[in-house]
Amino acid sequence: MARIARTSLPDGLFHVASRGVCGTAIYVNDHDRRDFLGLLRRCAKTYGWTCHAYCLMTTHYHLVLGTRRAQLSRGLHWLNWRYASDFNARYHRYGHLFGNRFSARPIEDETYLFDACAYVILNPVKARLCERPEQWPWSFSRYGLEPA
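Counting from 1 along the sequence shown, just add 2 to a position and that's the residue number in my numbering.
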């Protein structure tokens, strides 16, 4: 089955994820995470995104994004390319940092928006990296979600 062209996705909200190639760590330390978040802010401004939630894990990231235009693919391409370029230069590496294309699932209603944001910020809890979402410094949700 053919994949949907990213440029044909409608405007709206999306749960986005991207992983390191073959389970590779995409963040080695807090400097890497701060670099990524700075690029994410820049990308959101450039491409007109609203970031509703994010979580940076060691081998992948999750974002819940709103877009005014069909700029999701261009923006994520730039974000992953720019971050990988910086990462490779910093660690004297070359080649791909991210595996396959990013995944992007449209969020069609408020219930799914809440569920997607909860999933994103609970990621480190489920991975047993912390007991509560607010203990993980590399996640955020503008909805202040608490686990049930």
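Note that CB positions come from ideal geometry on N, CA and C, so glycine has one too.
Keep in mind the model is a prediction, meaning the values are calculated, not measured.
When secondary structure is reduced to three states using DSSP, Phe104 falls in the coil class, being assigned neither helix nor strand.
In the structure shown, the three-state DSSP call for Leu99 is coil. For Gly40, the enclosing alpha helix (DSSP H) begins and ends at 32-49.
A direct Cα-to-Cα measurement between Gly22 and Tyr114 gives close to 26 angstroms.
For Gly77, the closest alpha carbon among the candidates His94, Tyr93, Gly101, Ala106 is that of Ala106. When secondary structure is reduced to three states using DSSP, Tyr93 falls in the coil class, being assigned neither helix nor strand. In this structure, DSSP gives Ala55 an extended state, which the three-state scheme calls strand. With contacts defined as CB atoms closer than 7 angstroms, Ala91 and His17 fail to qualify as a contacting pair.
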